[in-house]
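Written below as structure tokens is the structure these notes are about.
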Amino acid sequence: MMPTYHPSYLLRPSAQQGEAKKQAWDDLQAVMKELGLPPKRG
């Protein structure tokens with residue numbers, strides 16, 4: 283289980299949107315690595 287941002291939060295305009303998207307992408311990459319899936323470029 284990996285806690286991360288809800289997708290609707292990532293779509294809302296805010297001052298933190300860019301950083302939140304980066305953190306969510308990093309979370310997704312960590313999950314993919316744990317599952318043994320190849321990394322994607324983003």
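Per this note's numbering, the sequence shown runs over residues 283 to 324. All C-beta atoms in this analysis are idealised placements derived from N, C-alpha and C, irrespective of residue type, glycine included.
Contact with chain D by P289, beta-carbon distance below 8 Å: The chain inventory of the structure shown lacks chain D, comprising one protein chain alone.
Beta-carbon spacing of Q305, P321 below 8 Å: no
Contact check, Y287 vs A302, beta carbons under 8 Å: yes
Span separating the alpha-carbon of M284 from that of V313: 7 Å
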